[in-house]
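S.K.:
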Amino acid sequence: MDTKEIAMTVDVELWSKRKDYYKDIKYATPVLLDVSDTVPLSLFVSLSPKFSVIPFEEYISLLGDFIDEVKKERNISVHLHQHAKWLPINLDTSSDDLSEYTHEELHQLLSYGKEFFSSEFNVRVKYFRPGGFKIPDLGTYYDVLKKLHLNSSMGGEYDKIVTTASRFGVTEVPVPIVSKLSLLKYPFRTIKTLAFIENLSISQLTSALGSVLSTSERATLAIGAHSFLFYPDLRSAYILLHNLLDVPSGRLYSTYAKKLILVASNLSTYYKLVLL
Ligand SMILES: [Zn+2]
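Taking our numbering, the leading residue of the sequence shown gets -18, the next gets one more, and so forth.
Here is the structure:
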């Protein structure tokens, strides 16, 4: 009986210091489509351009192209990942940090996102992931989700967020916080990091998730990745790399795609890979 499940998730956000917003469409889309041939991919797509230099309409039209391309795939699902910055709603959205918004404002932001996906992209989103895992507080967060009939996939202390979510009747598929020993940056210190592809080696991911999953009878966990990891030059992703030991130089984008597939196939011998 298989009640332990893993969802492979990718946060899709246009992200470029050089303001080349076509990268996600040009480079990340084909890689994601390739990977989805073997791995079910749950995509968390950001509705906020995050930078003011691109008009919202232009960003949305790029995003629409991307969603049209991926939503035809049987092995891909599309959900809402929200950063607040520059969303054109009747609210001061100059801060990207969702923890700075009130209960009512958070409701307004998420309701806007959910409606937008439905009316503009013809996608009914079932899950939400907060930008940078920033939220006002767990009670406020899950109450808003409950009212909007959204489930959640965010990062945090496993027990704390799963227990609170279930109190509100919200399904939480957490990206767990796991420990890793970083010899490179912090000699002899164990640091905590989120289960993202760029943060941990394959064996660290496998054993860390195994230890979280062994503590509960039934659980679904998420592993994260970012769409910009698949850019060929990876300039922006370099900034986020915490574990260079794990990533050889050269064609890094295919290395990450390969890593995602390897992690998934490793885990699929113990757990069921699911689409959210
Ligand atoms: Zn994000």
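Glycine residues also receive a C-beta, built at the ideal position from the N, C-alpha and C atoms.
Quick check on the DSSP output: what are the complete alpha helix (DSSP H) runs of length 4 or more inside the region 75 to 118, in order along the chain?
M.R.: 84 to 102
S.K.: By the three-class DSSP mapping on this structure, what secondary structure does Leu254 have?
M.R.: Start at 1 with the first residue of the sequence shown, and residue 254 comes out as number 273. Strand.
S.K.: Roughly how many whole angstroms lie between the Cα atoms of Pro36 and Ile70?
M.R.: Reading the sequence shown from its first residue, position 55 is the one you call residue 36. Reading the sequence shown from its first residue, position 89 is the one you call residue 70. Straight-line Cα distance between these residues: approximately 14 Å.
S.K.: Based on the DSSP output, what are the partners of His207 in its beta bridges?
M.R.: Start at 1 with the first residue of the sequence shown, and residue 207 comes out as number 226. Answer by DSSP bridge pairing, in chain order: Asp(-8).
S.K.: Under three-state DSSP, which class holds Asn247?
M.R.: Here residue 247 refers to the residue found at position 266 of the sequence shown. In the structure shown, Asn247 falls within a helical segment according to DSSP collapsed to helix, strand and coil.
S.K.: Can you tell me the Cα-Cα spacing of Asn56 and Ala(-12), whole angstroms?
M.R.: Mapped onto the sequence shown, residue 56 falls at position 75. Mapped onto the sequence shown, residue -12 falls at position 7. Taking the straight line joining both Cα atoms gives about 12 Å.
S.K.: Please state whether DSSP places Leu241 in a helix, a strand or coil.
M.R.: By one-based count along the sequence shown, residue 241 stands at place 260. The answer is helix: DSSP assigns Leu241 an H, G or I state.
S.K.: Under a three-way DSSP split, which group does Lys66 fall into?
M.R.: Here residue 66 corresponds to residue number 85 of the sequence shown, with the count starting at 1. Collapsing the DSSP output to three states places Lys66 in coil.
S.K.: Quick one: does the C-beta of Glu179 sit closer than 7 Å to a heavy atom of ligand 1?
M.R.: Translated into the one-based positions of the sequence shown, residue 179 becomes position 198. Not under cutoff, so the answer is no.
S.K.: Which residues are close to ligand 1, meaning CB closer than 7 Å to any heavy atom, in chain order?
M.R.: Asp(-8), Glu(-6), Ser27, His62, His64, Gly112, Gly113
S.K.: Would you call the region 126 to 142 and the region 236 to 246 touching, i.e. three or more CB-CB distances under 8 Å?
M.R.: no
S.K.: On the DSSP bridge list, what partners appear for Phe25?
M.R.: For the purposes of this step, residue 25 is taken as residue 44 along the sequence shown, with counting starting at 1. Phe25 is bridged by DSSP to Asp(-8), His60.
S.K.: Assign Thr174 to one of three DSSP states: helix, strand, or coil.
M.R.: To locate residue 174, count along the sequence shown from 1; it is residue 193. Assigned with DSSP and collapsed to three states, Thr174 falls in strand.
S.K.: What residues are listed by DSSP as bridge partners for Asn132?
M.R.: Counted from its first residue, the sequence shown places residue 132 at position 151. Looking at the DSSP assignment, Asn132 forms a beta bridge with Tyr108.
S.K.: Would you mind stating whether Lys128 and Val151 have Cβ atoms separated by less than 8 Å?
M.R.: Working through the sequence shown from its first residue, we reach residue 128 at position 147. Working through the sequence shown from its first residue, we reach residue 151 at position 170. No, the pair does not count as a contact, with Cβ atoms beyond the cut-off.
S.K.: With DSSP collapsed to three states, give me the class of Glu153.
M.R.: Here the question's residue 153 lines up with position 172 in the sequence shown. Strand.
S.K.: Are the region 72 to 82 and the region 97 to 114 in contact at 8 Å, needing three or more beta carbon pairs?
M.R.: yes
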